[in-house]
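Protein chains in written order, with the working numbering: chain A, 517 to 556; chain B, 46 to 182; chain C, 220 to 470. From the three backbone atoms N, C-alpha and C, an ideal C-beta is built for every residue, glycine too.
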Amino acid sequence: MNGWGWVLWGYGVVAAALALYTWTLLTRTRAARRRLDELR
Amino acid sequence: MSRYWRFVVPAMIVLAVVVFLIFQLSSNLVFFNTPTELVESPPGTDARLRLGGQVAAGTVVTEDGGVRFLVTDGRRSVPVVHRGAPQQLFAEGRGVVVEGTYDGSVFHSDSMLVRHDEQYRVEDVEDGVYVNPGSQP
Amino acid sequence: MNASGHRMGGASWLDRAALAAVAGALALAFLTPPEATQGNVARLFYLHVPSVSVAYMAFALALVASVGYLVSRRMAFDHLAVAAAEVGVVFTGFTILAGMIWAKPTWGVYWTWSARLTLTAIMLFVYIGYLALRRAIEDPQARARRAAIYGIVSVVQIPVVHFSVVWWRDIHQLGTVANPTGIQMDGILLVAFFAGLVAFTLVAAALVTRRYALAVLEAGVHDAAARGAGALAGDAVEAPRIGARAGEEHG
Numbered sequence: 517m518n519g520w521g522w523v524l525w526g527y528g529v530v531a532a533a534l535a536l537y538t539w540t541l542l543t544r545t546r547a548a549r550r551r552l553d554e555l556r
Numbered sequence: 046m047s048r049y050w051r052f053v054v055p056a057m058i059v060l061a062v063v064v065f066l067i068f069q070l071s072s073n074l075v076f077f078n079t080p081t082e083l084v085e086s087p088p089g090t091d092a093r094l095r096l097g098g099q100v101a102a103g104t105v106v107t108e109d110g111g112v113r114f115l116v117t118d119g120r121r122s123v124p125v126v127h128r129g130a131p132q133q134l135f136a137e138g139r140g141v142v143v144e145g146t147y148d149g150s151v152f153h154s155d156s157m158l159v160r161h162d163e164q165y166r167v168e169d170v171e172d173g174v175y176v177n178p179g180s181q182p
Numbered sequence: 220m221n222a223s224g225h226r227m228g229g230a231s232w233l234d235r236a237a238l239a240a241v242a243g244a245l246a247l248a249f250l251t252p253p254e255a256t257q258g259n260v261a262r263l264f265y266l267h268v269p270s271v272s273v274a275y276m277a278f279a280l281a282l283v284a285s286v287g288y289l290v291s292r293r294m295a296f297d298h299l300a301v302a303a304a305e306v307g308v309v310f311t312g313f314t315i316l317a318g319m320i321w322a323k324p325t326w327g328v329y330w331t332w333s334a335r336l337t338l339t340a341i342m343l344f345v346y347i348g349y350l351a352l353r354r355a356i357e358d359p360q361a362r363a364r365r366a367a368i369y370g371i372v373s374v375v376q377i378p379v380v381h382f383s384v385v386w387w388r389d390i391h392q393l394g395t396v397a398n399p400t401g402i403q404m405d406g407i408l409l410v411a412f413f414a415g416l417v418a419f420t421l422v423a424a425a426l427v428t429r430r431y432a433l434a435v436l437e438a439g440v441h442d443a444a445a446r447g448a449g450a451l452a453g454d455a456v457e458a459p460r461i462g463a464r465a466g467e468e469h470g
C-alpha cells in the first residue's frame, strides 16, 4: 500500500467511527425522548 | 442486583486492562538503550533488548536476507546485523530502534522500528517559501 | 443551548459550521504538498494530532464541569461533565486508530508498548471507567458527586501523557506544534493542521451539545419515572385507606 492508501485507510476508519458514534447518539436521544413521552 | 453487575463486570474488565497496561508501561519506560549504554555496560549475551540511535552515514550494507549498519548516538556506535527487510523509511541518518541481542561486539536484530523526527517540511523550500508551483494545489 | 438545536431532524448552526469546517480541513489535508521525509502518509498528522488535542480539551472541560458541580451542586454541570468525558473517549479512540494506521507505514508496526502509546491507552480506559462508574449509580446526586471526584482525579494523567515523550525515551517523536524550541512545521502544512484542529473542535462542540441534551432528557426520564412510580405506589398504598385523597400528591 502506498502513502495515499494509508491516508485514505486512516481517514476512512476515523470517519466510520465518527459516523457510528453520531448514530448511537441520535438513537439514544430518540429512545430517551420516546420514553419521556410515554411517561408523561 | 442487575445494576450492581452492570457496574462490577465492566469495572473488573477496565481494572484488569489498566493493570495490564501499567505492567506494560513499567517494563518499557526506557524504550531503548543507547549505543553508549550498551558499550559501557553490556548486558548478558542472551538478554533481549532494544537499541536506539542514528544510522551512521555510509555504513549501510545490504546483504542476503538482511542489512548491516552502524547505530550511533554521537559518542559510541554499535554494529548491527539485522535479519529481514528494512522498513520503507529506513535510511542513513534516520533514527532506528532495533530489537535483539548484543554479543559484546555486534547487535543481532530481528525487529526494526524506524523513527522520524518531529519536523514536517515541504520539499523545495527556499527561505521558508514554497518554490515548486508544479506540485502545489 | 437552545432547544430547537436539540430537536431531531434539525441541524443546528453548530452542526452546519462543523460540517463546513470538516470539508475545508479535508481539502487542505489532501491538497497541501506532501511532507519531505514521509511523503503523503504524513497527511495523517492532520487527523491524529487534532484528535488528541480535542480529546485533551474535552477532558479539561469534564474537569471544569466536575469542579463546577462540586461547587454549585447544579445538575447542568454533571450533564456537561458526562458529555465532555464521553466525547473525549471518542476522540481518544480516533487518536489511537489514526496513530496505529500511521505507525505501520512509518515506524513499521501498528502498535508497540512505548510509554506514550501505553499511557494513551491507559487514558482511554480510565475515562471508559468514568463512564462505567456512572452507569452503576442510580441516584442522580450521588452519581454526580462521585463522578465529579473521579473526573477531577483522573485528569492528573493528561500532562503525563503529553510530556511522556520529553520525560522518557520513546519511539514517538516530540511534539511538532507544542515544541519547546518552536513550531517544527512549514507554514502551509501548519495551515492544514490548524484547519483540522478548528474542524474537530467544532465537531466535538456539536457532539457535546447533543450529548448534553441527551443527559437532560435522561434526567427528565428519571424524574418522570420516579414521579410515576411514586404516584403508582401512592395509589396502591393509600387508595384503599383514604380513597379521596389519592392522586393529590401529583396534582
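Check: Ignore the nearest five residues each way along the sequence and tell me which others in B/R93's own chain have a CB closer than 8 Å to its CB.; Outcome: E144, G145 and T146
Check: So, A/V523 versus C/R262, is the Cβ gap smaller than 8 Å?; Outcome: yes
Check: Please list the partners that C/G439 has in chain A, where partner means a Cβ-to-Cβ separation under 7 Å.; Outcome: L552
Check: Rounded to the nearest angstrom, what separates B/D118 and B/T79 at their Cα positions?; Outcome: 7 Å
Check: Indicate the three-state DSSP secondary structure (helix, strand or coil) for B/N73 in the structure shown.; Outcome: helix
Check: Nearest-angstrom Cα distance between B/L83 and B/V105?; Outcome: 20 Å
Check: Give, in chain order, every unbroken run of the beta strand (DSSP E) that is at least 3 residues long and sits entirely within the stretch 295 to 339 of chain C.; Outcome: none
Check: Look up B/G145 in the DSSP assignment and give the residues it is bridged to.; Outcome: B/L94 and B/S154
Check: Which stretch, first to last residue, makes up the alpha helix (DSSP H) that contains C/H381?; Outcome: Q376 to W386
Check: Among residues of its own chain, excluding the 5 on either side of C/L421, which ones have a beta-carbon nearer than 6 Å to its beta-carbon?; Outcome: A236, A237 and A240
Check: Would you tell me roughly how many angstroms separate the C-alpha atoms of C/S167 and C/R364, rounded to the nearest one?; Outcome: It is not possible to answer for residue 167 of chain C, since the shown part of chain C is limited to 220 through 470.
Check: Would you say the stretch 384 to 392 of chain C touches the stretch 333 to 345 of chain C, given that touching needs at least three Cβ pairs under 8 Å?; Outcome: yes
Check: Assuming B/V116 contacts B/V100 (C-beta within less than 8 Å), just tell me the rounded distance between them.; Outcome: 7 Å
Check: Which of the three DSSP states, helix, strand or coil, is assigned to B/M57?; Outcome: helix
Check: Select from C/A274, C/A244 and C/M294 the residue whose C-alpha is nearest the C-alpha of C/Q546.; Outcome: For residue 546 of chain C there is no data in the structure shown, the boundaries of chain C being 220 and 470.
Check: For B/P124, write down the residues that DSSP places opposite it in a beta bridge.; Outcome: B/L115
Check: Quick one, which of C/G318, C/G312, C/I320 and C/A300 has its alpha-carbon nearest C/A367's?; Outcome: C/A300
Check: Which of the three DSSP states, helix, strand or coil, is assigned to B/N78?; Outcome: strand
Check: Check distances from the C-beta atoms of the stretch 313 to 333 of chain C to those of chain B and list, in chain order, the residues that come in under 8 Å.; Outcome: P324, T325, W326, G327, V328, T331, W332 and S333
Check: Can you tell me whether C/M404 is helix, strand or coil according to DSSP?; Outcome: strand
Check: Whole angstroms is fine: what's the gap from C/H391's alpha carbon to C/A351's?; Outcome: 30 Å
Check: Round the Cβ separation of A/G526 and C/A317 to the nearest angstrom and send it over; I've been treating them as touching at under 8 Å.; Outcome: 5 Å
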